[in-house]
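Take a look at the structure below.
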Amino acid sequence: GAGVSQSPSNKVTEKGKDVELRCDPISGHTALYWYRQSLGQGLEFLIYFQGNSAPDKSGLPSDRFSAERTGGSVSTLTIQRTQQEDSAVYLCASSLARRQTYGYTFGSGTRLTVV
Amino acid sequence: DQQVKQNSPSLSVQEGRISILNCDYTNSMFDYFLWYKKYPAEGPTFLISISSIKDKNEDGRFTVFLNKSAKHLSLHIVPSQPGDSAVYFCAASAGYNDMRFGAGTRLTVKP
Numbered sequence: 227g228a229g230v231s232q233s234p235s236n237k238v239t240e241k242g243k244d245v246e247l248r249c250d251p252i253s254g255h256t257a258l259y260w261y262r263q264s265l266g267q268g269l270e271f272l273i274y275f276q277g278n279s280a281p282d283k284s285g286l287p288s289d290r291f292s293a294e295r296t297g298g299s300v301s302t303l304t305i306q307r308t309q310q311e312d313s314a315v316y317l318c319a320s321s322l323a324r325r326q327t328y329g330y331t332f333g334s335g336t337r338l339t340v341v
Numbered sequence: 063d064q065q066v067k068q069n070s071p072s073l074s075v076q077e078g079r080i081s082i083l084n085c086d087y088t089n090s091m092f093d094y095f096l097w098y099k100k101y102p103a104e105g106p107t108f109l110i111s112i113s114s115i116k117d118k119n120e121d122g123r124f125t126v127f128l129n130k131s132a133k134h135l136s137l138h139i140v141p142s143q144p145g146d147s148a149v150y151f152c153a154a155s156a157g158y159n160d161m162r163f164g165a166g167t168r169l170t171v172k173p
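Each protein sequence line maps, in turn, to chains A and B.
Just so you know, the first sequence maps onto residues 227 to 341 in the numbering used here.
Just so you know, the second sequence maps onto residues 63 to 173 in the numbering used here.
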């Protein structure tokens with residue numbers, strides 16, 4: 227597609243439930259990133275995929291968070307046993323491998339609310 | 063570990079005046095710096111960047127200045143327009159590693 231697509235755009239879930247967030251990167255972009263923005267906070271790095279290499283998971287806040295990228299394209303971020311502090315906007319971005327001249331292209335995000 | 067810091071959460075300027083947004087970083091390995099602009103309910107969009115081999119990059123009304131010795135960069139918008147009202151994020155990366163972002167500064171340009 228023309229841009230990075232994320233779904234759903236909004237998700238309200240009950241505490242303790244699992245959620246899956248989806249990201250469709252720009253076709254041909256081999257690098258994919260997940261960030262989140264909590265209320266009043268900056269963008270927090272979560273995880274980075276580059277081609278077929280092992281992902282950089284150093285930003286995942288706990289083992290309740292996991293992500294996968296199938297076929298080098300679509301990625302899903304899974305949060306198990308959601309907590310209220312997981313409420314945030316989850317942003318996905320993609321870029322051409324080894325080319326950051328114009329930065330990343332971000333999706334519009336998924337606003338997650340845990341009640 | 064906040065490697066990129068934007069200490070001003072908000073800034074308000076009059077239309078036509080200069081807006082100066084500031085950013086400090088701690089990681090001396092950062093060699094590429096970017097500014098993103100974010101409107102509500104949208105993802106951040108790339109605005110302007112600068113490599114560590116330069117100290118200034120200009121693109122129309124937007125200029126980014128880099129002071130490596132002070133580990134400081136700034137974004138100047140001249141003249142400011144109401145449509146510039148948004149949250150501005152500073153970001154930095156080291157080599158081909160992922161980007162680290164600041165907390166953002168909300169700019170309001172008053173007509």
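Each residue gets a CB set at the ideal place from its N, CA and C atoms; glycine is no exception.
Residues near Lys241 (chain A) by beta carbon distance below 8 Å, same chain, minus five either side: Thr308, Gln309, Gln310, Val340, Val341
Leu137 (chain B), enclosing beta strand (DSSP E) - first and last residue: 134-139
Near-chain B residues of the segment 267-293 of chain A - C-beta to any C-beta below 7 Å: Gln267, Gly268, Leu269, Phe271, Tyr274, Asp282
Nearest-angstrom Cα separation, counted from Asn69 (chain B) out to Ile80 (chain B): Going by the C-alpha atoms only, they are around 19 Å apart.
Close-in-space but distant-in-sequence residues of the same chain around Met91 (chain B) (CB under 7 Å, 5 per side omitted): Ala156
In DSSP terms, what Tyr274 (chain A) is bridged to: A:Tyr259, A:Asp282
Interface partners of Tyr259 (chain A) on chain B, CB under 9 Å: Asp160, Met161, listed in chain order.
Residue from B:Val149, B:His134, B:His138 with nearest C-alpha to Val126 (chain B): B:His138
Meets three-Cβ-pair contact criterion under 8 Å: the segment 87-101 of chain B and the segment 272-285 of chain A: Taking a cut-off of 8 Å on C-beta distances, the segment 87-101 of chain B does not touch the segment 272-285 of chain A, as fewer than three cross pairs fall below it.
Interface residues of chain B facing Ser253 (chain A) [CB-CB closer than 9 Å]: Neighbours of Ser253 (chain A) on chain B: none; closest Cβ ~17 Å, over 9 Å.
Where Gln64 (chain B) sits in the DSSP three-state scheme: coil
Ala172 (chain A), enclosing beta strand (DSSP E) - first and last residue: The structure shown does not extend to residue 172 (chain A), since chain A spans only 227 to 341, so no value can be given for it.
Simplified DSSP assignment, three categories, for Asp250 (chain A): Asp250 (chain A): strand per DSSP, three-state reduction.
Any chain A beta carbon closer than 8 Å to Pro141 (chain B): No, Pro141 (chain B) does not count as interfacial toward chain A.
Under 8 Å between C-beta atoms of Gln276 (chain A) and Ala257 (chain A): yes
Cβ-based contacts, 7 Å cut-off: residues of the segment 115-146 of chain B near chain A: none
Proximal residues, the segment 75-108 of chain B versus chain A, C-beta separation under 8 Å: Only those residues of the segment 75-108 of chain B whose C-beta falls short of 8 Å from the nearest C-beta of chain A are listed: Tyr94, Leu96, Tyr98, Ala103, Glu104, Gly105, Pro106, Thr107, Phe108.
Anticipated Cβ contact below 8 Å, Val245 (chain A) with Leu338 (chain A), distance rounded: With a beta-carbon spacing of about 7 Å, Val245 (chain A) and Leu338 (chain A) fall inside the 8 Å limit used to define contacts.
Interface flag, Gly335 (chain A) vs chain B, CB-CB below 8 Å: yes
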